[in-house]
Structures are given as structure tokens and as C-alpha cells.
Ligand SMILES: Nc1nc2c(ncn2[C@@H]2O[C@H](COP(=O)(O)OP(=O)(O)OP(=O)(O)O)[C@@H](O)[C@H]2O)c(=O)[nH]1
Ligand SMILES: [Mg+2]
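In this note's numbering, the protein residues as written are 2 to 367.
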């Protein structure tokens, strides 16, 4: 019935809404700013409850208000600078250079840096922590992946080299969203398809936030295991000793190698033994690290982060030049640069291509 009605309406000359069109209109008509429009996409894609809270605050305008406030501060300071430029005799007395520089640092540089840090919180709560299950072929990575998802997503077989592509799914552990990825087992191979899967895994490994390194403790370590362990040292990683339903074939030295510098958990992906312990340890690993536990009011995305970094650079230079007695014209230019960068965030000064790329992320309508 619904599609019949739709068909009739379309026949009468109506057209379907383009992706993000309703939100775009609200933005163009000034009902919402760009951060609120982006929050609509985030709300749809958010990976955790906390992420939802963050982006719904953003949708109500929390981030916009912060940027508005900051822009107001820039304009206040800019006004002082302009007065001092136009009326050098009087202006010089309002502030000492030192005081003015401190004001720029306190009112502009610092708050912008705080907002930049909030991006890390967003990555965790809104996007999810990108977590890769890596290890030698046949170690039980796909079995573990299925266990953590509590469903049979990935194919498990006794044949080494079963997984070729990266399979991704989101799982919440204690409210922390993990973007869990099952990957192709690493080994030296000639087969071109498998080789491609392995290079893809290796590339993605450098981008992951967190690694679950699966080791089959029923086999002695080989060069592939050692390579993976070595690579993992550069990242946040947890060692998962799998197949503990079978006897251990690891020597004392091998165990030392695995446990030095890493937390270790023993599991059986086959029987499910140790899985609760694993979940607990994952949370501990993530929380003791640099995970931001508070839920900020803002969830700056990459685009915002870039603009904030630009603004921060301008404000830092403005503070520096103020202190160093540089001509106020220069300081004023830098403050204006920062003002524009902040304007980009809320869409005050944003170009058409950027808008296109933002609104095309929507699925139909909305
Ligand atoms: N006994 C035992 N067997 C397991 C365990 N975990 C996995 N296996 C078996 O080990 C074999 C390989 O498991 P997979 O989960 O496919 O291993 P994988 O690491 O994903 O393998 P590739 O994708 O080929 O790299 C299968 O026959 C599993 O049933 C375990 O804890 N105990
Ligand atoms: Mg697999």
C-alpha cells in the first residue's frame, strides 16, 4: 500500500528527497548549524549509549554554543586590537602586551585544545574502538570473533587460511563499543588471494586502536607468531592464549616472550572457557590507557578536529606575536584566521563542496 501511494504521489510530479535533504534545508534556512546537522548522521551511526548521549547534546546545540562563545571571545579581543591599531595613544593603555597574550592563551588557545582532546572521546564512544583480532593462521581468530559476537558470523574450518577478507561487526563490552575485526591469518604464502588478504590485514593493523593477538598455545611459536608479537609492541595489545582445552606446547621461554610487556588471558574459543575473563581484561586494558571516561558535551569529528587545529595554530601565533611586541596588524590577522577556522565548524564560512560531502553521508531522506 505504502509503495502504491508513493507511486501515485511521484506520478503527480513529486520527487524523492535526496540524501540528507531535510537536514540540509534546515541548515540552509538557519534553523540548525552544521554541527547539529552532522550530529544527525552521528545519531544514526552511533555505536554506544554514551555516544548517543554525546551526539544528542551536540544535536541540541551544545557544540555550536561553545563555538559561538569562543567566536565572541575572539571578536572581543579583536576589537581591542583594532582600537589599539586605530588609536595607538589610547589603545596602548588598555592592556599590557603580556596581559593580552595571557588572555589569548586562556580564553582561546586552551578551550580550543580541550575541544581537540574531546575528539578522542568521540572516536571511542561514537565511532567505536577499532579492534583487530590478529594472529597466525588457524590460531582460532574466527572462532574467537564468533564467541565475542555470540553468533556465527565468520567461517571457521580446520583449514589454515580460511579467512581472507576482514569481517567487521560492533560489539559492546560493558558499554564500551568495539568495532571488532576478524582478519586473515598472517603467514608467508604464495597464493595470491590469501597474500592480498594478508597485506590488507598488515596495513589495517597500523591503523587499529587495539589488537587482540591470538596465539594457539597447543603449537610451539613459529616465525609468524614472533613477527606478530613484535609488531604488536608498537600498539595497545592483549595476548589471547587460545585452545586451553588442549595441552600447552609452549616452552617456558616462549611464555616469557609472550607475557613480557603484555597482559595475557587464557581462553578456549571452542568451549567458551575464559571468555568472561577476556571481556574483563579487555575493559581493563582500554580503561587504564588513554580512554576518556567522562562524556563531554561535544563529539568533534575529523572535520571539526582539523578546523580546531587550524584555529589553535592561529591563536598560538597571535599570543606569541602579542608577547613579542609584533605589529598589532599581524596579531589581528591571526585572530581573524582563527575566527574563520571556527566559523568553518558551524558552517558560517563553509564552501559548497564540503557541504556536499557532509550531506551525502546520509542515507535517503532524513
Ligand atoms: N580444540 C580447540 N580448537 C579450536 C579452538 N579454537 C578454534 N579451534 C579450531 O581451530 C581451527 C581453526 O579455527 P579458526 O577460528 O578458523 O581459526 P582462524 O585463526 O580464524 O584461521 P584462519 O582464518 O585460517 O587464519 C578450527 O578447526 C577450530 O574449530 C579452541 O579453543 N580449542
Ligand atoms: Mg579465520
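Where a beta carbon is used, it is the ideal one built from N, C-alpha and C, also for glycine.
Return the Cβ separation of residue i and residue j in integer angstroms, given the expectation that the two are a contact with Cβ distance under 8 Å.
| i | j | result |
| --- | --- | --- |
| residue 332 | residue 319 | 5 Å |
| residue 304 | residue 120 | No, residue 304 and residue 120 are not in contact; Cβ-Cβ is about 10 Å, not under 8 Å. |
| residue 43 | residue 300 | 6 Å |
| residue 127 | residue 55 | 6 Å |
| residue 185 | residue 164 | 5 Å |
| residue 133 | residue 212 | 5 Å |
| residue 284 | residue 177 | 6 Å |
| residue 188 | residue 225 | 5 Å |
| residue 145 | residue 243 | 7 Å |
Alpha carbon to alpha carbon, how far is residue j from residue i? Give it in angstroms, no decimals.
| i | j | result |
| --- | --- | --- |
| residue 122 | residue 269 | 32 Å |
| residue 271 | residue 314 | 53 Å |
| residue 220 | residue 174 | 30 Å |
| residue 254 | residue 143 | 27 Å |
| residue 162 | residue 223 | 16 Å |
| residue 154 | residue 166 | 13 Å |
| residue 100 | residue 113 | 19 Å |
| residue 339 | residue 316 | 6 Å |
| residue 136 | residue 19 | 43 Å |
| residue 74 | residue 321 | 18 Å |
| residue 280 | residue 52 | 20 Å |
| residue 288 | residue 259 | 22 Å |
| residue 326 | residue 98 | 7 Å |
| residue 118 | residue 83 | 32 Å |
| residue 57 | residue 64 | 10 Å |
| residue 274 | residue 257 | 23 Å |
| residue 216 | residue 199 | 17 Å |
| residue 80 | residue 21 | 38 Å |
| residue 89 | residue 236 | 55 Å |
| residue 181 | residue 191 | 28 Å |
| residue 266 | residue 46 | 32 Å |
Which of helix, strand or coil does DSSP assign to residue i?
| i | result |
| --- | --- |
| residue 101 | helix |
| residue 326 | coil |
| residue 3 | helix |
| residue 277 | helix |
| residue 56 | helix |
| residue 234 | coil |
| residue 219 | coil |
| residue 224 | helix |
| residue 16 | coil |
| residue 10 | helix |
| residue 66 | helix |
| residue 250 | coil |
| residue 301 | coil |
Per DSSP, residue i is paired with what?
| i | result |
| --- | --- |
| residue 382 | Shown here, the chain extends from 2 to 367; a query on residue 382 therefore has no answer. |
| residue 239 | 213, 264 |
With a threshold of 6 Å, establish whether the CB of residue i neighbours any heavy atom of ligand 4.
| i | result |
| --- | --- |
| residue 144 | This structure lacks ligand 4; the ligands present are ligand 1 and ligand 2. |
Which residue spans inside the region 118-191 form an unbroken beta strand (DSSP E) run of at least 3? Runs of the beta strand (DSSP E) inside the region 118-191: 130-136, 168-174, 177-183.
Only counting runs of 4 or more residues, tell me where the alpha helix (DSSP H) segments fall wholly within the region 19-51, in order along the chain. Within the region 19-51, the complete alpha helix (DSSP H) runs of at least 4 residues are 22-29, 35-46.
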